[in-house]
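*Asks:*
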Amino acid sequence: MRITADEVLSAAQSAAIHVDAPRAATLATELTRCLEALAPLLAFDAAGVEPAVAVGAVGMPLRADESEPIAMREPAVALAPHARDGFIAVPYDPSSADGEVGAGPQA
Amino acid sequence: MTEPEEARRIVEFRDGVLVGERAPQEAVAAALTRMSHVAAEPDDLNLFISVDADAAGGCARDLEVRLGDSEPGTLLGTPIVIGDNLATSTLRTTCGSQMLADYVSPYQATAVQRVRAAGAIVVAKANLDEFGMGVSTTRSAYGATRNPAAPGRVSGGANGGAAAAVAAGCVRVALASDTGGGVRHPAALCGVVGLKPTYGRISRFGLVALAPSLDHVGIVGATVEDVALTLGAVAGHDPLDPTSADVVVEMYVDALGHSLRGTVVGVLRHRDDEAVQPAVRHLCDAAAERFRRLGAEVREVRPPHLHLAQPAYQVIAACEAVSSLARFDGSRFGARVEATSWRTMAERSRSAGFGQEVVRRLLLGTHLLGVARREGLLRRAQQLRALMADDFRTAFASGVHVLFSPTAPGVACISGEAENPEVHAVQERYTAAANLIGVPALSIPVGRADGLPVGGQLIAPHFAERTLFAVASAHERLLFEELGG
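Chains A and B, in that order, are what the protein sequence lines are. When you line the first sequence up against this note's numbering, it's residues 1 to 107, in that order. When you line the second sequence up against this note's numbering, it's residues 1 to 485, in that order.
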């Protein structure tokens, strides 16, 4: 199992993290070493074993599917790096066809 | 000679407060003085990211008002340190990351709220590897935490600050997170007690998520009794955490001080045991012999899949971290690097805010969930999780009450070695299994090798924390006697 520098760049794009080409080559070496250490997972007999996504005696319960007022709204907006008119403000994304032109960062 | 306040047992100090012989301010003042002495030493251990001397003093004065209450609190007047990935509303919560350098949570974690309700006083937030990713506390944006037993060596991780704060005598107890050993590993390397309780035993509400199916809130303490008392204060169902268990909270301190007659201790044998340092193996063998002398039956247990726990943990943790850390994009909170498009802003913010280890693990997780999905490693790790749960169920069903192993395969390494991937890769070999299957595990001191602390790990069935405390306290007492205490 190995990962190439191109695959590192692809993963970086998906993860929204900037990685330049020299760093991608270094990361490919480091991550290939990680993947090799994980290889024993492919060596045991897993036939018929149902994967476990939960732990413990109580499993992974879900909360009730009910909507509630957002009590955190005001503090949440206050935490945002930029807010406008009570809403979190983010820059216009030119890749979005209906993005609001000029909705850039507010001081 | 008067015993220093910070060395006083929690129960002893609390009783002193209740009869008017002690004041909570004394304990807070003693903790803060000790913290400043430690920070002023040439080898600053770098234990804390934030200290709140003023608020701590105010809380101590408020507590005096509660002295007349019928339930003044089991941790009355106890100074406590909180790992910096548990939300506090008075101190910032950085997770050891530049990403959250100025983040002050609008709410506090349930575990923090509960220790405060029990009378504890939060004096500081402890250093940790960034977002809990690491085993050395050298990967914090706020510098490395050093080991109080040997400042040239690492404190273990991810929550080395919390463990080292207890080991250095600043406080008796701390709350911190344990995702693959984050409480137990540094507790072992620093020579204190570290508990990862059953999954769901302590609410995770307000714990900044790393890998939600593996994350636990744990406790570091100077003694087994301190940890048992603190668990009694923080355990219990919390409607704010859907994974919190609605299971009755027992009187954990009542489990202390009993004979081990009739107890069966299973010594875990691991396919890779030869990688354990001889001194660690020797001290763990001596601990097993102590269990025998205390009346327990000791037998060997060989779970067939135990050697795969660490790789399974690494796969699941990396994949879950991808979604847990996706929220840090500069939009809603945390650091933002400005740009003219959202995509560029998010990429620049994440690249500037995350350290190298976080980037490495996020790329690994993204790769495993993307291109490498065809290899099926995540599914294999989840299947392994099911098999391992069966292995442990079988062991406990065979009459074993508690399992025992080293906590870490070696003593604290020197700081430079922490970056060696081969050293790094084996540190969670013994601790990760308990996170994968959610059973409680406790690291206890078993002795020292050339002056460096060594820990042994006890593992019990779900919600059997009392069994852990019973075995651990008996061992602690005998070890203390052997050391001439």
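The beta-carbon is built from N, C-alpha and C at its ideal position, and this holds for glycine as well.
Could you pull the start and end residues of the beta strand (DSSP E) that I82 of chain B belongs to?
*Replies:* Its beta strand (DSSP E) spans residues P79 to G83.
*Asks:* List, in chain order, every chain B residue whose beta-carbon is nearer than 7 Å to that of A52 of chain A.
*Replies:* Correct list: Q382, R385, A386 and A389.
*Asks:* In the DSSP assignment, find the beta strand (DSSP E) that holds P151 of chain B and state where it starts and stops.
*Replies:* Its beta strand (DSSP E) spans residues A150 to V154.
*Asks:* Comparing alpha-carbon positions, which option in B:L128, B:N159 and B:Q113 lies nearest V122 of chain B?
*Replies:* When only C-alpha atoms are compared, the closest one is B:Q113.
*Asks:* For a test of the three-state rule: what should DSSP assign to F13 of chain B, helix, strand or coil?
*Replies:* Reduced to three states, the DSSP call for F13 of chain B is helix.
*Asks:* Looking at the secondary structure, which residues open and close the alpha helix (DSSP H) in which V487 of chain B lies?
*Replies:* In this structure chain B extends from 1 to 485, so residue 487 of chain B is not present and cannot be described.
*Asks:* Would you report the Cα separation of R66 of chain B and Q25 of chain B, rounded to the nearest angstrom?
*Replies:* Between R66 of chain B and Q25 of chain B, the C-alpha separation is close to 14 Å.
*Asks:* Should the segment 254-262 of chain B be regarded as contacting the segment 138-147 of chain B, the criterion being three or more beta carbon pairs within less than 8 Å?
*Replies:* These segments do not touch.
*Asks:* Listing by chain order, which chain A residues have their CB less than 9 Å from the CB of Y313 of chain B?
*Replies:* Ordered by position in chain A, no residue passes the 9 Å Cβ test against Y313 of chain B, which lies about 10 Å from the chain.
*Asks:* In chain order, what are the residue ranges of uninterrupted beta strand (DSSP E) at least 3 long that sit wholly in the segment 270-338 of chain B?
*Replies:* DSSP runs (the beta strand (DSSP E)) wholly in the segment 270-338 of chain B: 297-301.
*Asks:* State yes or no: is the C-beta of H305 of chain B within less than 8 Å of the C-beta of F87 of chain A?
*Replies:* Not in contact: H305 of chain B and F87 of chain A (Cβ atoms no closer than 8 Å).
*Asks:* Verify the CB distance criterion: does A21 of chain A have a CB-CB separation below 8 Å to chain B?
*Replies:* No, A21 of chain A lies away from the interface with chain B (no Cβ there is under 8 Å from its Cβ).
*Asks:* Within 10 Å of its beta-carbon, does V55 of chain A have 16 or more other beta-carbons around it, so buried, or fewer, so exposed?
*Replies:* Buried, because 16 or more other Cβ atoms sit within 10 Å of the Cβ of V55 of chain A.
*Asks:* State yes or no: is the C-beta of A434 of chain B within less than 8 Å of the C-beta of A441 of chain B?
*Replies:* Cβ atoms of A434 of chain B and A441 of chain B: closer than 8 Å.
*Asks:* Count the other CB atoms, across all protein chains shown, that sit within 10 Å of the CB of D391 of chain B; report buried if there are 16 or more and exposed otherwise.
*Replies:* Per the 10 Å Cβ criterion, buried.
*Asks:* Does the count of Cβ pairs from the segment 91-102 of chain B and the segment 186-201 of chain B closer than 8 Å reach three?
*Replies:* No: the two stretches stay apart, fewer than three of their Cβ pairs being nearer than 8 Å.
*Asks:* Strictly under 8 Å for the Cβ-Cβ distance: is E347 of chain B near chain A by that measure?
*Replies:* E347 of chain B counts as touching chain A.
*Asks:* Please confirm if F87 of chain A has its CB atom under 8 Å from at least one CB of chain B.
*Replies:* No - not a single Cβ of chain B is within 8 Å of the one on F87 of chain A.
*Asks:* Identify, in the order they occur along the chain, each residue of the same chain with its Cβ nearer than 6 Å to the Cβ of I10 of chain B, setting aside the five sequence neighbours on each side.
*Replies:* Once the five neighbours on either side are set aside, the close Cβ partners of I10 of chain B are T78, R172, D226 and L229.
*Asks:* One question on the structure: do L387 of chain B and V49 of chain A come within less than 8 Å of each other, judged by their Cβ atoms?
*Replies:* A contact, by the Cβ cut-off of 8 Å.
*Asks:* When the distance is taken between beta carbons, is L76 of chain B closer than 8 Å to L91 of chain B?
*Replies:* No, they are not a contact pair.
*Asks:* Have a look at the DSSP bridge pairing and note the partners of Q457 of chain B.
*Replies:* DSSP lists B:S405 and B:S443 as partners of Q457 of chain B.
*Asks:* May I ask you to report which of helix, strand or coil DSSP gives D62 of chain B?
*Replies:* Residue state, collapsed to three classes: helix.
*Asks:* Tell me, to the nearest whole angstrom, how far the beta carbon of A126 of chain B is from that of G161 of chain B; I am working on the premise that it is less than 8 Å.
*Replies:* Between G161 of chain B and A126 of chain B the Cβ distance is about 3 Å, and since that is below 8 Å, they are a contact.
*Asks:* Is it buried or exposed, D215 of chain B, if we count other Cβ atoms within 10 angstroms and call 16 or more buried?
*Replies:* The residue in question, D215 of chain B, is buried, as its Cβ has 16 or more Cβ neighbours within 10 Å.
*Asks:* Starting from H185 of chain B, trace the alpha helix (DSSP H) in both directions and tell me its first and last residue.
*Replies:* That run of the alpha helix (DSSP H) goes R184 to C190.
*Asks:* In or out: P311 of chain B buried (at least 16 other Cβ within 10 Å) or exposed?
*Replies:* So P311 of chain B ends up on the buried side.
*Asks:* How do the segment 343-360 of chain B and the segment 394-413 of chain B stand: do at least 3 beta-carbon pairs fall below 8 Å, yes or no?
*Replies:* Taking 8 Å as the limit for Cβ pairs, the verdict is that the segment 394-413 of chain B does not touch the segment 343-360 of chain B.
*Asks:* Would you say P69 of chain A faces chain B, with C-beta separation under 8 Å as the test?
*Replies:* For P69 of chain A, the answer is no, since every Cβ of chain B falls outside 8 Å of its Cβ.
*Asks:* Fully enclosed by the segment 103-184 of chain B, which beta strand (DSSP E) runs are 3 residues long or longer?
*Replies:* Taking only runs of at least 3 residues, the beta strand (DSSP E) segments lying wholly in the segment 103-184 of chain B are 121-126, 150-154 and 173-178.
*Asks:* Over the uninterrupted beta strand (DSSP E) stretch that includes V400 of chain B, give me the two end residues.
*Replies:* Counting along the chain, V400 of chain B falls outside any beta strand (DSSP E), and DSSP gives it neither H nor E.
*Asks:* Whole angstroms is fine: what's the gap from V183 of chain B's alpha carbon to G451 of chain B's?
*Replies:* Taking the straight line from one Cα to the other gives about 21 Å.
*Asks:* Which whole-angstrom value describes the C-beta separation of V166 of chain B and G119 of chain B, a residue pair presumed to lie in contact below a C-beta threshold of 8 Å?
*Replies:* Wrong, their Cβ atoms sit about 18 Å apart, outside the cutoff.
*Asks:* Under the DSSP definition of a beta bridge, which residues are partnered with G218 of chain B?
*Replies:* DSSP output for G218 of chain B lists B:A176 as bridge partner(s).
*Asks:* Report the three-state DSSP secondary structure of R448 of chain B (helix, strand or coil).
*Replies:* In the structure shown, R448 of chain B sits in a strand (DSSP, three-state: E or B).
*Asks:* So that I know if they touch, is there some Cβ in chain B lying closer than 8 Å to that of E30 of chain A?
*Replies:* Taking Cβ atoms only, chain B reaches closer than 8 Å to E30 of chain A, which makes this a yes.
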